[in-house]
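Q: If you're matching positions, the sequence shown starts at 1360 in this note's numbering and goes up one per residue.
The beta-carbon is built from N, C-alpha and C at its ideal position, and this holds for glycine as well.
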Amino acid sequence: MQKQVYTYTTMPVIELKDISKLYGFGDATTVALDEVNLSVEEGEFVAVMGPSGSGKSTLMNIIGLLDKPTHGVYLLNGRKVARLRSNQRAKARRDKIGFVFQSFNLLPRLTALENVALPLAYRGMSYVKRMKLASAMLERVGLQSREYYLPRYLSGGQAQSVSIARALINNPPIIIADEPTGTLDSGGSRLIMELLSEIHKNGTTILLVTHNPELTRYASRVVYMHDGAIIHDEPTTLGEVAPTARRVMYSLPTTTEEDDLAGISALMKAIPGADRPTNHKNSSKKSKKKAAAKKRRSKK
Ligand SMILES: Nc1ncnc2c1ncn2[C@@H]1O[C@H](COP(=O)(O)OP(=O)(O)O)[C@@H](O)[C@H]1O
Ligand SMILES: [Mg+2]
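1) Can you tell which of TYR1508, HIS1570, ARG1452 has the C-alpha that lies nearest to the C-alpha of ASP1465?
2) I want to check one thing, is the minimum distance from the CB of ALA1524 to the heavy atoms of ligand 1 below 7 Å?
3) When you compare the CB positions of LYS1443 and ALA1471, do they come within less than 8 Å of one another, or not?
4) Using 8 Å for Cβ pairs, my map puts GLN1519 next to GLY1547. What's the rounded Cβ distance?
5) In the structure shown, what three-state DSSP assignment does ARG1468 receive?
6) ASN1474 to ASN1436, Cα distance in whole Å?
7) Closer than 7 Å between the C-beta and any heavy atom of ligand 2: which residues qualify, listed along the chain?
8) Closer than 8 Å by C-beta to ARG1452: which residues in its own chain qualify, once you throw out the five before and the five after it? Chain order, please.
9) Which of helix, strand or coil does DSSP assign to LYS1439?
10) Nearest to ASN1396 by CA position, among LEU1477, LYS1380, ILE1589, VAL1568, is which residue?
11) By how many angstroms is the C-alpha of ALA1495 removed from the C-alpha of LYS1380?
12) Please classify GLY1598: does DSSP put it in a helix, a strand, or coil?
13) Looking at the unbroken beta strand (DSSP E) that takes in THR1389, where does it start and where does it end?
14) Going by DSSP in three states, ARG1444 sits in which element: helix, strand or coil?
15) What residues in its chain sit with their C-beta under 7 Å from that of LEU1611, if we drop five residues either side in the sequence?
16) At what residue ranges does the segment 1461-1508 contain a whole run of the alpha helix (DSSP H), taking only runs of 4 or more?
17) Answer with buried or exposed for PRO1602, where buried requires no fewer than 16 other C-beta atoms within 10 angstroms of its C-beta.
18) Applying the 10 Å Cβ sphere with the 16-neighbour rule, what's the burial state of LYS1427?
19) Looking at ligand 1, does it come within less than 7 Å of ALA1480, judged from the CB to the closest heavy atom?
20) Under 8 Å, do ILE1533 and THR1564 count as touching if we go by C-beta distance?
21) Count the other CB atoms within 10 Å of the CB of LYS1450; is the residue buried (16 or more) or exposed (fewer)?
22) Span of the beta strand (DSSP E) holding ARG1580?
23) Measuring only the C-alpha atoms, how far is VAL1440 from MET1370?
24) Distance check for ALA1391 and GLY1414, CA to CA, integer angstroms please.
25) Please find out if some non-hydrogen atom of ligand 1 comes closer than 7 Å to the beta-carbon of THR1595.
26) Confirm the yes/no value for this check: CB of GLY1409, any heavy atom of ligand 1, distance under 7 Å.
27) Would you give the residue range spanned by the alpha helix (DSSP H) that VAL1521 belongs to?
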């Protein structure tokens, strides 16, 4: 029987309170995240959108325990992450979160099967058992016949499927995918999205960073970022493109500065009130100040 979907607990699985991330210091300080607040419930499929440099990867890396915030509180399953000892943190990273990267991050000299089995090696499991579990996981992602292939002999979509199998091998309740279809053609992209969708239907919480408005069809919620802040957050209907994303027509991936500028202005136009001061609890002080100044100017 299929696991029950959308079993909301009263406690969010992920809770960020005023999370900031600063790089560098003095005049060279970059504010990658500016007091971000975000709560994610079990079973949600959150798409994260925003122009490049808006802080999406920084946010995912902090949620995925690959990076630490400069300020703020992060609660994972109600526990303060900052309080975890390094071995507890490593264990949470291994058991709670599966990470999927745009560049697959497969080890080139290992077969698909060995790549998928790799995270199990840290648990002291026997070789035979590891290979058996990895084989079952490859079957689940539809790559049974590619077990002994090296990554370079796989298509992009297949390689990403292998990395999803590796992310799933410890059965984590959360999957974070940072632009997993960014380098794939439409066929590969569809393969990956169908796979993530199937994993979501089985109850896994998913965070997906994407530039492609089409892919918000798979999400139950879309979060829009700009300048290190969450500027809009909307629930969406599974199977439908999110209303705001539909109006955002920026190209993917944004490779030039002009693309980015076009993307930002499209995003700003699409989000009601994004260029005005809002009462949104996630809008940063900095952007509120900027917006207030803009409003004053426009009144003159
Ligand atoms: N390791 C780093 N050192 C310095 N600045 C960084 C580092 N990582 C990210 N940044 C900066 O933080 C901001 C947000 O980056 P990032 O989270 O990668 O954005 P996105 O994923 O939305 O493209 C950018 O201005 C980027 O240049
Ligand atoms: Mg990124």
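A: On the basis of the coordinates in this document:
1) What you label residue 1465 is simply residue 106 of the sequence shown in a count that begins at 1. At residue 1465 the sequence reads Leu, which differs from the Asp that was named. When each option's Cα is compared against that of LEU1465, the closest is TYR1508.
2) Counted from its first residue, the sequence shown places residue 1524 at position 165. Every heavy atom of ligand 1 is 7 Å or more from the Cβ of ALA1524, so no.
3) Counting from one through the sequence shown, the residue named residue 1443 turns up at place 84. Counting from one through the sequence shown, the residue named residue 1471 turns up at place 112. Note on residue identity: the sequence assigns Leu, not Lys, to residue 1443. No, these two residues do not count as a Cβ contact at 8 Å.
4) On the sequence shown, position 160 is the one that residue 1519 refers to. On the sequence shown, position 188 is the one that residue 1547 refers to. So it is a contact: roughly 7 Å between Cβ atoms.
5) Within the sequence shown, numbered from 1, the residue matching residue 1468 stands at position 109. ARG1468: coil per DSSP, three-state reduction.
6) Here residue 1474 is taken as the residue at index 115 of the sequence shown, counted from 1. Here residue 1436 is taken as the residue at index 77 of the sequence shown, counted from 1. If you take the alpha carbons of ASN1474 and ASN1436, they lie about 28 Å apart.
7) SER1411, LYS1415, SER1416, ASP1537, GLU1538, VAL1568
8) By 1-based counting over the sequence shown, the position of residue 1452 is 93. For ARG1452, where only same-chain residues beyond five positions count, the Cβ hits under 8 Å are GLY1423, LEU1424, LEU1425.
9) Start at 1 with the first residue of the sequence shown, and residue 1439 comes out as number 80. Strand.
10) Within the sequence shown, numbered from 1, the residue matching residue 1396 stands at position 37. Nearest C-alpha to ASN1396: ILE1589.
11) Locating residue 1380 in the sequence shown gives position 21, where the first residue counts as 1. Locating residue 1495 in the sequence shown gives position 136, where the first residue counts as 1. One C-alpha to the other measures close to 39 Å.
12) The residue labelled residue 1598 in the question sits at position 239 within the sequence shown. It is coil, neither helix nor strand.
13) To locate residue 1389, count along the sequence shown from 1; it is residue 30. Start and end: 1389-1399.
14) Your numbering for residue 1444 matches position 85 in the sequence shown. The answer is coil: DSSP assigns ARG1444 none of H, G, I, E or B.
15) Position 252 of the sequence shown, counted from the first residue, corresponds to residue 1611. Interpretation of LEU1611 is limited by its pLDDT of 42, a score under 50 that renders its predicted location unreliable; no figure is taken from the coordinates.
16) 1471-1480, 1486-1499
17) In the sequence shown, counting from the first residue as 1, residue 1602 sits at position 243. Classification for PRO1602: exposed.
18) In the sequence shown, the residue the question calls residue 1427 occupies position 68. LYS1427 is exposed by the Cβ-count criterion.
19) Working through the sequence shown from its first residue, we reach residue 1480 at position 121. The answer is no for ALA1480.
20) One-based indexing of the sequence shown puts residue 1533 at position 174. One-based indexing of the sequence shown puts residue 1564 at position 205. Yes.
21) As a first step, residue 1450 is located in the sequence shown; it is residue number 91 there, counting from the start. LYS1450 comes out exposed.
22) Position 221 of the sequence shown, counted from the first residue, corresponds to residue 1580. Note, ARG1580: beta strand (DSSP E), 1580-1585.
23) Taking the sequence shown and counting its residues from 1, the one referred to as residue 1440 is at position 81. Taking the sequence shown and counting its residues from 1, the one referred to as residue 1370 is at position 11. If you take the alpha carbons of VAL1440 and MET1370, they lie about 15 Å apart.
24) By one-based count along the sequence shown, residue 1414 stands at place 55. By one-based count along the sequence shown, residue 1391 stands at place 32. Their Cα atoms are separated by approximately 5 Å.
25) Along the sequence shown, read from residue 1 onward, the residue named residue 1595 stands at position 236. Every heavy atom of ligand 1 is 7 Å or more from the Cβ of THR1595, so no.
26) If you number the sequence shown from 1, residue 1409 lands on position 50. Yes - ligand 1 has a heavy atom lying nearer than 7 Å to the Cβ of GLY1409.
27) Sequence index remark: in the sequence shown, residue 1521 carries index 162 (1-based). It spans 1515-1527 - the alpha helix (DSSP H) in which VAL1521 sits, taken as one unbroken run.
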